[in-house]
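Input: a single structure, listed below in structure tokens.
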Amino acid sequence: MSALVIGRVADGEPLFRSELALARAEPEALLRGLLAVAEVHRASEVVLAVRQDYWSKTRALREALPAAARAASAASVRPLTARALRLHDSYPLNATSVAADLVEQHGVQAAATAPVYGAADLVARGRAQQSDRPPRLVSVVGYVARPAVIEAPLGTPIAQLVARCGGALPAGTRGLGWVPLVNGAASGWLGAQDDVTDEAVSGVFVLPGRHPLVARRATPLADIVRRAASACIGCRICTDVCPAYENGAPLEPHRISALMAKAAAPPAAVDDALALGALCCGGCNLCDVACPADLLPSRLVAALARGLGERGVQVEAASGKPFAIAPRAGRAARRYGIDRLGARLGVSALSPPEPIPQPL
Ligand code: SF4
Ligand code: SF4
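In the numbering used here, the protein residues as written are 66 to 425.
Following this line, the structure appears as structure tokens:
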């Protein structure tokens, strides 16, 4: 049980607006879901954590929160307090970073161990109470004619989503055609046009097949290891920007890069801190974005984590977070803004969608 439950309205990927669209279209269901999870956890407090640049756009939701909490308190033996707090619009906005932001920025120490629920999950729970099917929203952005947040059932082909947005832009159809980065330009993975949406898909970033972000995703691991061996200068910038490290995990990608660059395969014996660190990686790829030598340390961290996983090494999860949240001194100064990330990825000139759900 947790005294605090956190609800999140904060898309973490550049140009994605799915959580904002849900918060605006379904405020009542979202609040019902938040109060329902508070009841499940027997919580006495809920925090609605809202991305800073969404603050003015979620006024109706925020203003309805205190009255909803009062009504829930009146109907329960347990008093419940509720408040909305701003999150920095920095990347990433996963459960660990949201919790660390609340600890660091607002002094909410209980956030370190509190469960965090995304807007889609909350709306689904709020709708389930009414036996109602929740809408599934997918941000379709990047090189498309009309970026949009689309209401699409599970199993929708990505090609159909892109067609609904007017198709890929001409820049996306030359050469190798277009490819989707599923779940975003920063942390997403290379998909195929005929892939279909599932529970894990919150958005699709459409790119020309020849875009550098596509080439980076397609680089073979052996090439990444060779380049790390020859070009890594040990500057540790990858570690200083790593959100997991900044939130308190023993994850130091510069050390893992050095280790992996020396070995053709993940070594059989790894010191405990390095092993635990690799397993705490959230896959945000920020280390790759920041590396001055244009290397891909995230892939080396992932390779080590995979090797450890195959040997049965696991990390204990606390409250759904893979390590104890303890923001390091100076974290605030090293935050990486989502806008800055978009510029580094070369996608900042592209337009975000209106946060209004569109039918498929
Ligand atoms: S940022 Fe790049 S060059 Fe610097 S230590 Fe990390 S991998 Fe090596
Ligand atoms: S992908 Fe890189 S920056 Fe992100 S959590 Fe993993 S090691 Fe850290």
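Every residue, glycine too, gets a C-beta built ideally from N, C-alpha and C.
Classification of residue i by the beta-carbon crowding that lies within 10 angstroms, buried from 16 upward
i    : result
G242 : exposed
S363 : buried
C230 : buried
S322 : buried
L126 : buried
V112 : buried
S121 : exposed
A368 : buried
R211 : exposed
C300 : exposed
I421 : exposed
I298 : exposed
R416 : The sequence shown places Ser at residue 416, rather than the Arg named in the question. By the 10 Å Cβ count, S416 comes out exposed.
CB-CB length for residue i against residue j, believed under 8 Å
i    : j    : result
C345 : P277 : With a Cβ gap of about 28 Å, C345 and P277 do not count as contacting.
E343 : L361 : In the sequence as displayed, the identity of residue 343 is Ala instead of Glu. Not really, about 15 Å apart at Cβ, beyond 8 Å.
L69  : A176 : 7 Å
R409 : V354 : 5 Å
L145 : I71  : Between I71 and L145 the Cβ distance is about 14 Å, and since that is not below 8 Å, they are no contact.
R192 : V102 : Their Cβ separation, rounded to whole angstroms, is 14 Å, which puts R192 and V102 out of contact at 8 Å.
A224 : D259 : 6 Å
C349 : Y182 : At roughly 20 Å, the Cβ-Cβ gap does not stay under 8 Å, so C349 and Y182 are not in contact.
L226 : E264 : With 8 Å as the limit, L226 and E264 do not qualify as a contact, their Cβ atoms being about 16 Å apart.
V115 : A149 : 6 Å
Per DSSP, the bridge partner or partners of residue i
i    : result
P222 : V261
A149 : L113
I71  : V112 and V181
Y401 : Y156
S204 : V214 and G268
V209 : A233
P422 : V214
P387 : According to DSSP, P387 bridges with nothing at all.
P245 : V271
L255 : L246
Near ligand 2: residue i beta-carbon under 7 Å from a heavy atom
i    : result
C349 : yes
V306 : yes
Y156 : no
P318 : yes
P362 : yes
Y401 : no
C297 : no
V205 : no
A428 : This structure cannot speak to residue 428, because the chain is shown only from 66 to 425.
Residues near residue i in its chain [Cβ-Cβ closer than 8 Å; skip 5 each side]
i    : result
S83  : D76, A184, A185, L202, V203, S204, V214, S267 and G268
R396 : A165, E169, E311 and N312
Residue i: CB within 7 Å of a non-hydrogen atom of ligand 1
i    : result
I302 : yes
L234 : no
H171 : no
S322 : yes
C346 : no
A114 : no
Same chain only: Cβ atoms within 6 Å of residue i, ignoring 5 sequence neighbours per side
i    : result
S141 : none
S413 : G407
P347 : The sequence given here has Gly at residue 347, not Pro. Here the set comprises N159 and A309.
A338 : P315
A94  : V188, G191 and R192
Cutoff 7 Å; reference residue i; Cβ partners in own chain excluding five residues on either side
i    : result
N312 : T161, S162, A165, I390 and P392
Q117 : R151, L152, H153 and D154
Interface flag, residue i vs chain C, CB-CB below 8 Å
i    : result
E419 : Chain labels in this structure do not include chain C; a single protein chain is all it has.
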